[in-house]
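Accompanying notes for the structure given below.
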Ligand code: PGA
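Numbering (our numbering), first residue to last: 28 to 280.
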């Protein structure tokens, strides 16, 4: 058995108003298998910022943790439209997804910005879930391994190896996100081994696969030596499907 715990994260993206998020969170909590401090699987719900307070009320003491989908690296300041780590902490947030490919692509987030956010999250005691992955063009050009290694080392620049157990990395091939074209599990595990080998100490880091994960394909990722869980988009909006994913991770733990 791996020394690493499993981790299943529901990334709700820009879906669900606060009222809708309450309904979804209630349905998820009702469908989930029992989780307690002894469970070797952590489950995280990452709703939009506006739904964090209401969902946080439901997840408090449920065994499910609250996550945010992004944050700014500053404590406070003249950054219109941004949200800081202390603001998230006040709402009971414990995890934050950083460097998601949609942030990199549509909001032009750079590796350097992702790194600043990672360091800020760690210094506030938040657990960053750092997403890395190649585009279809990079894969076709044979640049997959170089891309994920570059993104991983840039995101972790200046982070002490002692911190590596306090963060998670998600391998999300960009071409597999929301497309139904999930990556072949053997290939995903190979790339995840490559991510793990980027820096000494990453053997203590939880590594997730993300990209069109469903209850039908998740077990084949979890069977991989390097996969400790999943970063789930579409299937996390379906309470039953998400609960099944958590149950698969618990079974595999
Ligand atoms: P998907 O999204 O599961 O809908 O492919 C995954 C993600 O973007 O994290």
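Quick reminder that beta carbons are idealized off the backbone N, C-alpha and C, glycines included.
Please report the distance separating the alpha-carbon of residue i from that of residue j.
i	j	result
residue 132	residue 62	35 Å
residue 67	residue 277	7 Å
residue 158	residue 198	6 Å
residue 110	residue 156	17 Å
residue 60	residue 275	10 Å
residue 256	residue 76	23 Å
residue 53	residue 87	12 Å
residue 138	residue 81	32 Å
residue 70	residue 104	32 Å
residue 35	residue 150	23 Å
residue 122	residue 207	26 Å
residue 172	residue 204	18 Å
residue 184	residue 170	21 Å
Applying the 10 Å Cβ sphere with the 16-neighbour rule, what's the burial state of residue i?
i	result
residue 229	buried
residue 127	buried
residue 141	buried
residue 106	exposed
residue 102	exposed
residue 78	buried
residue 113	exposed
residue 93	buried
residue 65	exposed
residue 98	buried
residue 41	exposed
residue 48	buried
Tell me which residue opens and which closes the beta strand (DSSP E) that residue i is part of.
i	result
residue 257	256-259
residue 70	68-73
residue 94	91-95
residue 196	195-198
On a Cα-Cα basis, can you pick out the residue from the options that is closest to residue i?
i	options	result
residue 224	167, 243, 92 and 196	196
residue 55	280, 268 and 275	268
residue 162	129, 139, 186 and 187	129
residue 73	165, 125, 100 and 57	125
By the DSSP assignment, the alpha helix (DSSP H) with residue i in it spans what residues?
i	result
residue 37	Where residue 37 is concerned, there is no enclosing alpha helix (DSSP H), although the beta strand (DSSP E) it sits in stretches over 33-38.
residue 88	Segment: none, residue 88 is in no alpha helix (DSSP H) and carries neither H nor E.
residue 55	45-58
key: Length-filtered (3 minimum) beta strand (DSSP E) runs lying within the region 105-187   = Here the runs fully enclosed are 120-125 and 154-159.
message = Please give the ranges of any alpha helix (DSSP H) in the region 206-271, keeping only runs that are unbroken, at least 4 residues long and fully inside the region.
response = Look at the region 206-271 and you find these whole runs of alpha helix (DSSP H), each 4 residues long or longer: 212-223 and 245-249.
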